[in-house]
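Only one structure is covered here, and it is reproduced in the block below.
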Amino acid sequence: MAVHDDIALDEEFAQSAMRGSLFRRLLAYTRPYRGALVLNLVLSVLATASTLLGPKLVQFGMDRYLEPALGAAAREPGSGISAEATRGIGLVSLLYLLNLLIGWALSVATVRAAVSVGQGTMNDLRLAVFEHIQRLSLNYFDRTHQGRIIARADTDIDSLDRILTWGGSQLLSSALTLAGVVGWMALHDLRLALAVCAVLPPLALATHWFHVRGREAYRRLRGTMSRLTAAMAENISGVRVVQAFGREEENLERFGRLHEDFTERWVRSARVFHTYMPFVGFLSGIATATVLGFGGLRVRGGHLTVGELAAFILYLGMFFGPIQTLGDLYNALLSGAARAERIFGLLDTEPQVRDAAGAPPLPVLRGDVAFEGVGFRYDTTPPDRWVLKGLSFQVRAGQTVALVGATGSGKTSIVSLLARFYEPQEGRILLDGVADPGGALRGGLDPRRHSLESLHRQLGIVTQENFLFSGTVMDNLKFGRPEATDEEVFSAARRLGTHDLLRGLPSGYATEVGERGANFSAGERQLITITRAMVADPRILILDEATSAVDPQSERLIQQALERLFARRTSVVIAHRLSTVQHADLILVLDQGRLLERGTHDSLLALGGRYAALHAEFVHE
Ligand SMILES: Nc1ncnc2c1ncn2[C@@H]1O[C@H](COP(=O)(O)OP(=O)(O)OP(=O)(O)O)[C@@H](O)[C@H]1O
Ligand SMILES: [Mg+2]
């Protein structure tokens, strides 16, 4: 589904031309490299001049030395070519060679300068995108297909290479070459020049056909290509499920069909290209024949020297290249516009949750938490539904609150709000209020008025995802507090009781983490993520199903350690195993986003409601 959206998006964008504002914005990224850009342009002008000089030298050598010498030799048979003519021709040949060398050196230097502009700009863009993605709120990732985000950060930027690296110099040198060639031809023999121009209309028509058909074919090709990649990626990440359900044959067949589609479109797109190129070759042959035939007549009529005729043919060879380059550039500009638009679209997406201008950091928190009439829905939640509704509760600093409820009842959503990954549509969340005599919290800090970073620094979160990053186990443990020493990490693990297990990994703390931590068992991953949260030394700890994969005995040990460690900090614990939550100071029982019951283990049992029923089942197991 998402892949089809991508294709629709591609097609829609492929139509848009590079608007001025977009182009200016892209150019702004080249500003730090302006020196290299100017150098690049100057060098490419010089390189073009050197290229244009070549035929001129040939013409000079032929007219000044070769032809008179040949004429003299013809008049006086047996006299041979004069020493002066031989010297002259040798000199001109040397000059020609020297010019070639200079042109070559200039081209190399142009490429260097061009690459430093292009790569520099693309790196900056890539960094900007990476940085921005990190700042985006989770709601963006809920809405946007991961593949599409990666495409933006990766292939979209890569494909700007054509414009950013080569665009300026190619545009300049193609235009100059064309102007030089056409100008020279018109100045030396307008009639012959006009005769050559007879090939232009068919060339223009063919080029237009090529661009329209070529773009269409290429767009279709890309559509199947992205479908192919998506199928491949899905099959790789889901390989276990594929094998478990014995779907290899079907998937292979489906992939094969996609591939047939791809091949067919590839052939079609190649056919367009391979029809166009030989046609251009054919036209250039006709032009050359015209110059030879008609030009020969002009020489005999005395309108043109032999040297000029030779130069004409040489210049003609420089005529078609720039036309094609300009056409290519135009195409690149069109697709580049689409790419740039998507990149800037991403860069312009404001994070939903962001700091107000000049928001001060939160002070060191005591750890009271209050939810007041919180109502919340995700971007994709239907408008008539709420994920959380009318939710109010308070936790005092140092207390443990447990969230209990069926799958999908909103437990993770509550902690996501507490961590300000999202913001509630109704009500508010306050930290560190002052308790009034009735026990309710008053006053307090609204995290929305403070910096996000200062909140996250004081929270320790173990999510259901247990995400580990590539690097060593030690790197992962220091993720929340990179400045922690190894000794601090060891002591946190010792206090938590995970030290022995971590030391017992294949290379201990230095064990490399495979992609997403696939080389660890689910329980080991949980122990690493809990230790990671501990190393960060948070004021508020959130454990979302943090010990669900650990064996009951280890779970109990960790639970006891956490109770000790968090005696004076607030913790929010989510667990399906009721044994892990019964010591909590407050248990909240949720049902479809609403608070059903609240109290301690004993009071809830006495109440005889949902919690008591759950507990009865649990005990029977
Ligand atoms: N990122 C999201 N985008 C849209 N809807 C979501 C998102 N995450 C959760 N939901 C929906 O919100 C509701 C509450 O989900 P939540 O993850 O809070 O449940 P939970 O109580 O943590 O469940 P579990 O015990 O399975 O972890 C569910 O109906 C779920 O489908
Ligand atoms: Mg959950």
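Residue numbers are given in numbering that gives the first Met the number 0: position 34 of the sequence shown equals residue 33, and the series is strictly consecutive. Where is the CB? At the ideal position from N, CA and C, for every residue including glycine. Quantities reported herein were computed from a predicted structural model and do not represent experimental measurements.
- Residue pairing by DSSP places I573 opposite L402, D543 in a beta bridge.
- Within the same chain, L191, L303, L308, F311 come within 7 Å of G294 by CB-CB distance, once the 5 residues on both sides are set aside.
- In the pairwise beta carbon analysis, the region 325-338 is classified as not touching the region 101-118: fewer than three pairs are separated by under 8 Å.
- Under DSSP, E425 forms a beta bridge with G374.
- When DSSP reads this structure, Q393 sits in a beta bridge with A369.
- Between G19 and V37, the alpha-carbon positions lie close to 21 Å from each other.
- The way I'd put it, the region 336-350 does touch the region 144-155; three or more beta-carbon pairs between them come closer than 8 Å.
- The continuous stretches of beta strand (DSSP E) do not include V37, which lies in the alpha helix (DSSP H) extending over residues 33-60.
- Using a cutoff of 6 Å, the CB of V386 counts as near ligand 1, since one of the ligand's heavy atoms is closer than that.
- Under the three-state reduction of DSSP output, I88 falls in the helix class.
- With 16 or more other Cβ atoms inside 10 Å of its own Cβ, A286 counts as buried.
- Counting C-beta atoms within 10 angstroms of its own C-beta, M231 has fewer than 16 neighbours from the protein chains shown and is therefore classed as exposed.
- Residue pairing by DSSP places L387 opposite F375 in a beta bridge.
- T471 sits in a strand when the DSSP states are folded into three classes.
- Taking the C-beta atoms as reference points, D431 is found no nearer than 7 Å to L451.
- Per DSSP, the unbroken beta strand (DSSP E) holding V588 starts and ends at 585-590.
- In this structure, the C-beta of T411 approaches ligand 2 to less than 6 Å from one of its heavy atoms.
- In its chain, beyond the 5 residues on either side, P321 have a beta carbon closer than 6 Å to the beta carbon of L177.
- Take Y217, set aside five residues on each side of it, and the residues of its chain with a beta-carbon closer than 6 Å to its own are S268, in chain order.
- R86 and V44 have their alpha carbons spaced roughly 31 Å apart.
- Look at the beta carbons and you see the region 384-391 not touching the region 558-576: under three pairs across the two are nearer than 8 Å.
- L430 is bridged by DSSP to V368, L444.
- Between G407 and G374, the beta carbon gap of about 17 Å keeps them out of contact (Cβ cut-off 8 Å).
- Relative to ligand 2, Q323 has its C-beta separated by 6 Å or more from all heavy atoms.
- Residue burial annotation: G507 is exposed, with fewer than 16 other C-beta atoms found within 10 angstroms of its C-beta.
- For the options T599, E464, T50, the alpha carbon positioned closest to that of L402 is the one of T599.
- Taking one beta carbon from each stretch, the region 119-134 and the region 94-104 have fewer than 3 pairs nearer than 8 Å; the two do not touch.
- In the three-state reduction of the DSSP assignment, G237 falls in the coil class.
- With contacts defined as CB atoms closer than 7 Å, V461 and L526 fail to qualify as a contacting pair.
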